[in-house]
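S.K.: Going line by line, the protein sequences match chains A and B.
Okay, so the first sequence: first residue is 1 according to our numbering, each after it adds one.
Okay, so the second sequence: first residue is 1 according to our numbering, each after it adds one.
Ideal Cβ placement from N, Cα and C applies to all residues, glycine included.
Encoded as structure tokens, here's the structure I'll be asking about.
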Amino acid sequence: MSAPQGFLRRYVFSVDHKVIAKQFLFAGLVFLALGGFLAMLIRWQWAYPGRPVPGLHTLLAASDGAITPPVYQSIFTLHGLTMIFWAITPVLIGAFGNFLLPLQIGARDMAFPRLNAWSFWTFLLSGVLLLASFFAQLGTSGAGWTGYPPLSGPTGSPGVGQTLVVAAVFVTGVSTIMGGINYVTTVIRLRAPGMTWFRLPVTVWGLFLTSVLNVLFVPVLGSAALLLLLDRLFGTAFFAAGAAVGPRGGDPILYQHLFWIFGHPEVYILILPVWGVVSDLLSFFGRKPAYWYRGTVYALIAVTVLSALVYGHHMYQVGLHPLLGKAFMFFTVLISFPGMVLVMNWLSTLWRGSNRFTPPMLFALGTVFVFGVGGVTGLSLAGLLTDIYLHDTLWVVGHFHLTMAAAVFLGSMAALHFWFPKMFGRELNSRLATVHFGFTFVLLCLVFFGQLLAGWSGQQRRLADPYQYDFIKPLLPLNKATSHAAFLLAASQLLFVWNFFHSLFRGKKAEANPWNVGTLEWTHAPSPPPHHNFDTIPTVVRGPHEFSTDEAKARGTDWLPQAEGP
Amino acid sequence: MLAALPRDISADGHLISDALRRGLVEQAVLLGVLVVWLVLALVRFRASHAARADRGDSPRQVLTTLGVVAVIFLVVDGSLVTDAISATEGTLWNFAVPAADPDTVRVEVNAHQWAWDFRLAGPDGAFSTRDAPSDDDVLAWNELVVPVDTPVHLQLTSTDVVHGFYVPNLLLKTDVVPGTVRQLWFRATQLGTFEIGCAQHCGVNHYKMRGELKVLPKAEYQAWLREASKVARLGADREDVGARWGWAWKERPR
Chain A
1 MSAPQGFLRR YVFSVDHKVI AKQFLFAGLV FLALGGFLAM LIRWQWAYPG
51 RPVPGLHTLL AASDGAITPP VYQSIFTLHG LTMIFWAITP VLIGAFGNFL
101 LPLQIGARDM AFPRLNAWSF WTFLLSGVLL LASFFAQLGT SGAGWTGYPP
151 LSGPTGSPGV GQTLVVAAVF VTGVSTIMGG INYVTTVIRL RAPGMTWFRL
201 PVTVWGLFLT SVLNVLFVPV LGSAALLLLL DRLFGTAFFA AGAAVGPRGG
251 DPILYQHLFW IFGHPEVYIL ILPVWGVVSD LLSFFGRKPA YWYRGTVYAL
301 IAVTVLSALV YGHHMYQVGL HPLLGKAFMF FTVLISFPGM VLVMNWLSTL
351 WRGSNRFTPP MLFALGTVFV FGVGGVTGLS LAGLLTDIYL HDTLWVVGHF
401 HLTMAAAVFL GSMAALHFWF PKMFGRELNS RLATVHFGFT FVLLCLVFFG
451 QLLAGWSGQQ RRLADPYQYD FIKPLLPLNK ATSHAAFLLA ASQLLFVWNF
501 FHSLFRGKKA EANPWNVGTL EWTHAPSPPP HHNFDTIPTV VRGPHEFSTD
551 EAKARGTDWL PQAEGP
Chain B
1 MLAALPRDIS ADGHLISDAL RRGLVEQAVL LGVLVVWLVL ALVRFRASHA
51 ARADRGDSPR QVLTTLGVVA VIFLVVDGSL VTDAISATEG TLWNFAVPAA
101 DPDTVRVEVN AHQWAWDFRL AGPDGAFSTR DAPSDDDVLA WNELVVPVDT
151 PVHLQLTSTD VVHGFYVPNL LLKTDVVPGT VRQLWFRATQ LGTFEIGCAQ
201 HCGVNHYKMR GELKVLPKAE YQAWLREASK VARLGADRED VGARWGWAWK
251 ERPR
């Protein structure tokens with residue numbers, strides 16, 4: 001197999017999983033910047049409601065830079081959608097899934113390389129639809145990322161912006177399903193000789209289970225989006241109810257069921273790859289086998305199985321049958337069992353290790369902590385009783401940002417810092433990365449702790465001016481401090497941007513295996529790997545975490561490769 | 001104070017606030033264990049420490065891991081589930097309690113972009129509906145007036161989008177969904193005026209969908225009700241079908 005010649009075939013319309021991975025990475029990072037910018041606008045509004053945003057006098061010309069309520073609702077809607085579907089999904093699954101799966105299982109490419117390219121271009125099309133919605137008459141969607149009808153229906157949100165956004169979600173779902181089928185097939189069919197299921201790096205397990213969930217549940221989101229489009233465009237009333245439709249209405253709760261059957265697995269879709277990466281990195285940099293590897297894998301599988309049985313906890317307050325509410329509560333707390341096994345295994349891996357505080361390790365450790373906070377604060381939301389008060393408050397926002405934003409961001413950073421040398425053949429500046437980690441970790445904690453505190457005090461989500469309420473007025477100093485932490489957090493990302501681009505072009509050339517670990521991408525491919533990945537497909541003889549064993553010591557080292565020979 | 005739960009003004013809000021506080025303590029303890037373990041591991045076992053190739057998969061280790069997790073699960077998750085079931089089924093969502101009390105005040109609530117309409121049946125005890133007008137219904141806009149120490153039973157629906165009825169000082173909340181009727185009941189124990197908010201994003205002016213809960217002494221409430229229904233009867237307009245959005249009260253709505 002030789003690499004295609006010519007710029008377009010090689011870098012643009014490529015079917016090479018490594019090139020597609022980078023396409024997803026760059027596209028995802030651009031959307032991450034957009035989503036982050038929108039987050040800053042939300043934080044501005046909560047610190048200085050109604051005051052013009054510095055520098056936005058032309059962008060928001062009608063209000064001279066101030067965020068009006070219609071603009072505000074579009075901002076938080078698009079912040080959520082952009083981050084989940086256009087930033088985390090492409091970076092975590094599109095980029096790392098694509099890059100790592102073939103390399104870590106010892107394959108030359110994905111099972112369906114062309115489908116892989118289609119997946120990226122479909123993703124890009126969905127991004128264009130999303131961006132186009134900003135320019136629609138009446139603006140883009142303002143119905144919240146969950147898009148609950150009737151608010152997201154034709155009467156609640158007239159205008160083509162909402163239609164474009166629903167269509168964009170549908171199209172990005174198509175992209176995700178194509179990717180999911182490809183990843184699942186690749187892991188099942190293309191593992192190198194000897195790469196048994198229990199020799200897979202946990203990263204591969206995480207990405208594999210994520211893809212299983214994507215294949216099963218993104219179609220459900222697609223069905224919800226499609227029915228909503230029919231309601232909007234062809235006058236059906238699947239989700240319509242109330243005065244606008246009278247007795248011929250459908251059921252808005254049906255949409256919520258469809259949305260959350262997807263929506264709850266989605267949070268595991270986003271966190272499973274991170275759990276996998278963290279499980280591997282703690283072992284790699286603790287120079288110690290992952291504690292109870294099989295237990296970790298079983299825990300990931302248990303979460304995957306349970307993920308769709310817990311979704312009703314998003315709907316405790318819509319009037320579920322009491323038995324249904326109790327059943328969902330039971331499954332929801334049950335999922336904390338494998339979650340705790342996972343955390344115990346991580347902590348036990350660190351215990352009696354030889355822990356090296358490299359940037360990827362620091363980011364992985366940060367992930368463990370913020371995920372811990374996100375996990376325990378979810379307990380109050382799992383309970384039918386405490387959720388009555390906390391439902392729709394900033395406690396929910398703080399909780400899911402700690403798990404889905406902070407843990408996923410730190411986990412993605414861990415992955416990026418770890419695999420950057422393999423992806424780009426150059427090293428990141430580790431001192432700069434350490435400083436970036438310090439700022440990011442502390443500020444992420446401050447921002448989302450601030451949200452938990454505001455939620456504990458009862459502040460509702462999605463208020464254009466929270467201080468309309470007397471009981472929220474005393475929270476202004478807290479919200480302002482949280483906002484300032486958020487602004488600093490955003491500013492400190494410039495350290496990463498500079499490190500990323502500077503290292504990309506000027507960084508020290510990376511060796512094949514700078515971290516001294518045994519997985520195939522490091523031991524059997526140079527940095528960066530050639531078009532065909534491996535000169536000969538390696539034969540795997542052991543697991544991914546063979547550190548500090550007697551056999552290794554006998555060889556005068558502390559690690560063993562998954563496959564012997566060149 | 002950086003953050004605090006709202007002052008509880010109800011007979012049963014403590015069920016929720018106690019569970020919240022207990023949960024917070026449990027969460028803090030779990031997090032404390034995590035942090036101490038993490039910090040100890042990182043301080044004691046640094047690069048200078050030689051790693052032990054411990055796979056953690058001996059039967060004893062696996063049982064220890066599962067045992068620790070099981071204990072935390074039974075204590076923390078177990079109490080969470082039992083508390084939740086007993087408090088919701090016994091009290092908060094047990095509508096047999098207000099149904100059995102002869103003094104219960106029944107209110108129908110119609111949420112719409114962006115206000116709360118409250119309807120009391122008046123002296124005749126019947127709610128005005130499209131088919132069966134009743135002229136003495138007391139209608140209030142964004143103001144829910146209730147007597148102290150008396151069960152108040154709300155049934156809520158929406159005419160347009162999903163809203164969320166939320167009274168921080170009662171620690172109570174429910175989604176309000178068009179096409180269905182939701183319920184809440186409470187007993188206010190303190191006099192005064194308290195805020196009602198919308199918890200579910202309902203469009204541009206979601207943030208302005210604010211109402212007030214006014215808790216009056218019983219006698220004062222009765223006087224207010226008499227006066228208000230007298231005024232209502234004077235102003236009643238049978239041509240105005242839109243004003244008759246109430247529904248025949250059912251103890252078990254759909």
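1. Within the same chain, show all residues whose beta-carbon is closer than 8 Å to that of B/LYS216, passing over the 5 residues directly before and after it, in chain order.
2. With contact counted as at least three CB pairs below 8 Å, one residue from each stretch, are the stretch 409-425 of chain A and the stretch 466-476 of chain A in contact?
3. Report the residues of the stretch 421-443 of chain A with a CB closer than 9 Å to any CB of chain B, ordered along the chain.
4. Mind pulling the chain A residues with CB within less than 8 Å of B/ALA51?
5. Please classify A/GLN137 as buried or exposed, where buried requires at least 16 other C-beta atoms within 10 Å of its C-beta.
6. Name, please, each residue of chain A whose Cβ falls closer than 7 Å to the Cβ of B/GLN200.
7. Tell me the residue span of the alpha helix (DSSP H) that contains A/ASN499.
8. Taking 7 Å as the CB-CB limit, is A/SER283 close to chain B?
9. Is A/PHE259 closer than 7 Å to A/ALA224 when the C-beta atoms are compared?
10. For the putative contact between B/PHE194 and B/VAL167, defined by C-beta atoms under 8 Å, what is the C-beta separation to the nearest angstrom?
11. Nearest chain B C-beta to A/VAL303 closer than 7 Å, yes or no?
12. Tell me whether B/ILE196 is buried or exposed, calling it buried when 16 or more other Cβ atoms sit within 10 Å of its Cβ.
13. Closest to B/ARG130 by C-alpha separation, out of B/VAL241, B/GLU89, B/ARG60, B/ILE85, would be which residue?
14. Apart from the five residues on each side of it in sequence, which residues of its chain come closer than 7 Å, Cβ to Cβ, to B/TRP141?
15. Would you list, in chain order, the members of the stretch 513-526 of chain A that have their beta-carbon closer than 8 Å to a beta-carbon of chain B?
16. Using the Cβ count rule (16 or more neighbours within 10 Å means buried), how would you classify A/TRP197?
17. Can you name the start and end residues of the alpha helix (DSSP H) that A/LEU362 belongs to?
18. How about A/LEU164 and A/SER126: are their beta carbons less than 7 Å apart?
19. Pull out every residue of the stretch 31-46 of chain B whose Cβ sits closer than 8 Å to any Cβ of chain A, in chain order.
20. Which complete alpha helix (DSSP H) runs does the stretch 154-229 of chain A hold, if anything under 4 residues is left out?
21. Check for me: the beta strand (DSSP E) holding A/THR349 runs from which residue to which?
22. Closer than 7 Å, CB to CB, is B/GLN27 near chain A or not?
23. Are the stretch 38-52 of chain B and the stretch 382-397 of chain A touching by the rule of at least three beta carbon pairs closer than 8 Å?
24. Select from A/ALA382, A/LEU379, A/GLY374, A/ARG294 the residue whose C-alpha is nearest the C-alpha of A/VAL341.
25. If you compare alpha carbons, which of B/TRP249, B/ASN205, B/MET209, B/VAL231 is closest to A/PRO70?
26. Starting from A/MET344, find everything on chain B with Cβ-Cβ shorter than 8 Å and list it in chain order.
27. Exposed or buried, which one is B/GLN222 when buried takes at least 16 other CB atoms within 10 Å?
28. What does the Cβ neighbour count give for B/SER86, buried or exposed, with the cut at 16 atoms within 10 Å?
29. On the CB-based measure, 16 or more other CB atoms within 10 Å of its CB, does A/TYR11 come out buried or exposed?
30. Please work out which residues of its chain come closer than 7 Å, Cβ to Cβ, to A/TYR467, disregarding the five sequence neighbours upstream and downstream, and give them in chain order.
31. Applying the 10 Å Cβ sphere with the 16-neighbour rule, what's the burial state of A/GLY339?
32. Less than 7 Å between CB atoms is the rule here; does A/ALA364 satisfy it with respect to chain B?
33. According to DSSP, is A/LYS288 helix, strand or coil?
34. So, B/GLY23 versus A/THR386, is the Cβ gap smaller than 7 Å?
35. At 9 Å on the CB atoms, spell out the chain A contacts of B/TYR221, in chain order.
M.R.: Quick answer:
1. The sequence given here has Leu at residue 216 of chain B, not Lys. Within the same chain, B/LEU216 has close Cβ partners VAL145, VAL146, PRO147, VAL148, LEU191, TRP224.
2. no
3. none
4. GLY286, ARG287, LYS288, ARG352, GLY353, SER354, PHE547, SER548, ASP558
5. exposed
6. ASP392
7. In the DSSP assignment, A/ASN499 falls within the alpha helix (DSSP H) that extends over 476-506.
8. Chain B contact via Cβ: absent.
9. yes
10. Yes, they are in contact, since the Cβ atoms of B/PHE194 and B/VAL167 sit about 6 Å apart, within 8 Å.
11. no
12. buried
13. Answer by Cα proximity: B/VAL241.
14. ALA115, ASP117
15. none
16. exposed
17. 359-377
18. no
19. Correct list: LEU31, LEU34, VAL35, TRP37, LEU38, ALA41, LEU42, PHE45, ARG46.
20. 160-189
21. It is not in any beta strand (DSSP E) - A/THR349 instead sits in the alpha helix (DSSP H) that spans 336-350.
22. yes
23. no
24. A/ARG294
25. B/ASN205
26. THR65, VAL68, VAL69
27. exposed
28. exposed
29. exposed
30. PRO49, LYS473, LEU476
31. Buried, by the Cβ-count rule.
32. no
33. coil
34. Cβ distance < 7 Å, so B/GLY23 and A/THR386 count as in contact.
35. Those do not exist, as B/TYR221 stays about 23 Å from chain A at its closest Cβ, beyond 9 Å.
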